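*Asks:* Residue numbers (my numbering): 523 to 765.
Got a structure for you, written out below as structure tokens; questions coming shortly.
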Ligand code: F6R
């Protein structure tokens with residue numbers, strides 16, 4: 523496991539973009555796993571900048587997003603489809619056919635989830651997976667529980683996640699209560715994992731992850747500690763209780 527502690531969010535975002543850029547230069551048809559949320563926005567901005575100023579080429583890249591709210595139209599401003607288009611895809615030269623985001627309105631959710639995992643496998647698996655971390659240790663929408671699911675599945679969001687995500691909605695009642703998410707097994711199959719955390723509100727989460735020395739389904743991110751190639755990129759605020 524590698525840990526980078528960067529001075530601030532800007533440096534964190536540049537570090538993550540550096541790693542992704544170097545992986546893209548090694549493998550032009552990289553399969554990239556993507557996250558939404560506040561944390562990776564700076565990384566996407568940095569990658570867009572490198573695309574515009576240095577010609578960083580996304581034309582052969584395939585992407586798989588971690589999750590999407592269930593029952594939300596894809597053109598809804600809070601859907602993860604909308605988020606990805608606005609914050610990343612519309613500003614790079616990615617081929618639309620190579621973008622994969624879970625469908626929040628599948629006809630048959632069980633079959634759809636299975637097909638999503640099969641599609642990842644058929645692409646040869648995810649080369650580099652970007653992850654944020656919830657304050658409660660969730661990864662994608664794998665929430666703390668007695669058991670965690672391996673494959674992509676439909677899940678209930680916890681009260682704490684609904685509350686954390688309500689900042690993007692007009693009212694907490696508007697936050698969807700269910701999501702479709704890659705499972706811990708799908709994520710752990712990624713060849714390389716980049717876990718990002720920024721800001722004071724993640725300091726205790728990072729301390730629990732890196733100092734407790736415990737792996738538990740009640741702290742889903744702790745399973746990542748068993749992965750052979752994890753890089754954790756923090757800013758000083760997120761690292762403050764760990765250092
Ligand atoms: C988003 C996702 C979530 C977020 C997490 C942290 O696709 O899977 O697990 O990564 O909730 O969110 P932020 O970055 O907003 O603190």
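C-beta: ideal position from N, C-alpha, C; glycine also.
In this text the structure is predicted, and so the values were computed from the model without any measurement.
Sorted by chain position, which residues of the same chain lie with C-beta nearer than 6 Å to residue 738's C-beta, five sequence neighbours on each side aside?
*Replies:* The residue given as residue 738 occupies position 216 in the chain shown. Same-chain partners within the cutoff: 744.
*Asks:* Taking Cβ positions, are residue 656 and residue 683 nearer each other than 8 Å?
*Replies:* Translated into the one-based positions of the chain shown, residue 656 becomes position 134. Translated into the one-based positions of the chain shown, residue 683 becomes position 161. Yes, they are a contact pair.
*Asks:* Would you kindly check if the distance between the Cβ of residue 713 and the Cβ of residue 647 is under 8 Å?
*Replies:* Here residue 647 corresponds to residue number 125 of the chain shown, with the count starting at 1. Here residue 713 corresponds to residue number 191 of the chain shown, with the count starting at 1. Their beta carbons are under 8 Å apart, which means residue 647 touches residue 713 by this criterion.
*Asks:* Taking the Cβ atom as the reference point for each residue, do residue 728 and residue 764 lie within a distance shorter than 8 Å?
*Replies:* Counting from one through the chain shown, the residue named residue 728 turns up at place 206. Counting from one through the chain shown, the residue named residue 764 turns up at place 242. Yes; because the gap between Cβ atoms is below 8 Å, this pair is in contact.
*Asks:* Give a single yes or no on whether residue 588 has its beta carbon closer than 7 Å to a heavy atom of ligand 1.
*Replies:* Counted from its first residue, the chain shown places residue 588 at position 66. Yes, the Cβ of residue 588 comes within 7 Å of a heavy atom of ligand 1.
*Asks:* Does the Cβ-Cβ distance between residue 708 and residue 673 come in under 8 Å?
*Replies:* One-based indexing of the chain shown puts residue 708 at position 186. One-based indexing of the chain shown puts residue 673 at position 151. Yes, Cβ-Cβ distance for residue 708 and residue 673 is below 8 Å.
*Asks:* Just to confirm, is the Cβ distance from residue 679 to residue 701 under 8 Å?
*Replies:* Stepping through the chain shown from its first residue, residue 679 is reached at position 157. Stepping through the chain shown from its first residue, residue 701 is reached at position 179. Contact flag set, yes.
*Asks:* Check for me: the beta strand (DSSP E) holding residue 555 runs from which residue to which?
*Replies:* Taking the first residue of the chain shown as position 1, residue 555 is located at position 33. Its beta strand (DSSP E) spans residues 553-556.
*Asks:* When you compare the CB positions of residue 528 and residue 692, do they come within less than 8 Å of one another, or not?
*Replies:* The residue you call residue 528 lines up with position 6 of the chain shown. The residue you call residue 692 lines up with position 170 of the chain shown. Not a contact, by the Cβ cut-off of 8 Å.
*Asks:* Return yes when at least one heavy atom of ligand 1 lies under 7 Å from the C-beta of residue 705, else no.
*Replies:* Indexing the chain shown from 1 puts residue 705 at position 183. Result no, Cβ not under 7 Å from ligand 1.
*Asks:* What separation, rounded to the nearest whole angstrom, lies between the Cα atoms of residue 573 and residue 544?
*Replies:* Here residue 573 refers to the residue found at position 51 when the chain shown is read from its first residue. Here residue 544 refers to the residue found at position 22 when the chain shown is read from its first residue. Roughly 13 Å between the two C-alpha positions.
*Asks:* Could you name the residues of the same chain whose beta carbon sits closer than 6 Å to that of residue 703, not counting the 5 residues immediately before and after it, in chain order?
*Replies:* The sequence position of residue 703 within the chain shown is 181, counting from 1. If we look at residue 703 and ignore the five residues flanking it on each side, its Cβ neighbours are 589, 662, 663 and 677.
*Asks:* Within the present structure, is the beta-carbon of residue 601 separated from the nearest heavy atom of ligand 2 by less than 7 Å?
*Replies:* With respect to ligand 2, the structure shown offers nothing to examine, as its ligands consist of ligand 1.
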